[in-house]
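Visitor: Here it is: the structure, laid out below.
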Amino acid sequence: MFKVLHYKEKCLGCAYCVEAAPALFQVNDSDGKVDLIGSKEKNGIQSLSVNDALLDEAKEAAELCPAKIIILQIK
Ligand code: SF4
Numbered sequence: 037m038f039k040v041l042h043y044k045e046k047c048l049g050c051a052y053c054v055e056a057a058p059a060l061f062q063v064n065d066s067d068g069k070v071d072l073i074g075s076k077e078k079n080g081i082q083s084l085s086v087n088d089a090l091l092d093e094a095k096e097a098a099e100l101c102p103a104k105i106i107i108l109q110i111k
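In this text, residue positions in the sequence shown follow the working numbering: the first is 37, and each later residue adds one.
Below is the structure:
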């Protein structure tokens, strides 16, 4: 398992992360930003523990994010 952090407050809503990792991110039509699916949110930061099977997708999303607000914590 690894952890994904998404600093949603700074999200641009470009959805590059959704294209890279549709199992992890989805557009929220109500605010125009992206949500980390199934995450907990605190102080504008969404966090989620994720199975290693999604690591490559998560890495691609983090690399593509122009705001650099997708952080992976890999142990
Ligand atoms: S790629 Fe980054 S800025 Fe763009 S929607 Fe995803 S998290 Fe937000």
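Heads up, the beta-carbon is just placed ideally off N, CA and C, and yes, glycines get one too. Every value quoted in this text rests on a predicted model; they were computed, and no experiment measured them.
Is any heavy atom of ligand 1 found at a distance shorter than 8 Å from the C-beta of Val40?
Guide: Not under cutoff, so the answer is no.
Visitor: Taking the continuous beta strand (DSSP E) assigned at Leu108, which residues delimit it?
Guide: That run of the beta strand (DSSP E) goes 106–109.
Visitor: Buried or exposed for Asp71, please, with buried defined as at least 16 other CB atoms from any protein chain shown within 10 angstroms of its CB.
Guide: So Asp71 ends up on the buried side.
Visitor: Does ligand 1 have even one heavy atom less than 8 Å from the beta-carbon of Leu48?
Guide: At least one heavy atom of ligand 1 is nearer than 8 Å to the Cβ of Leu48, so yes.
Visitor: Is Gln82 buried or exposed, if buried means 16 or more other CB atoms sit within 10 Å of its CB?
Guide: So Gln82 ends up on the buried side.
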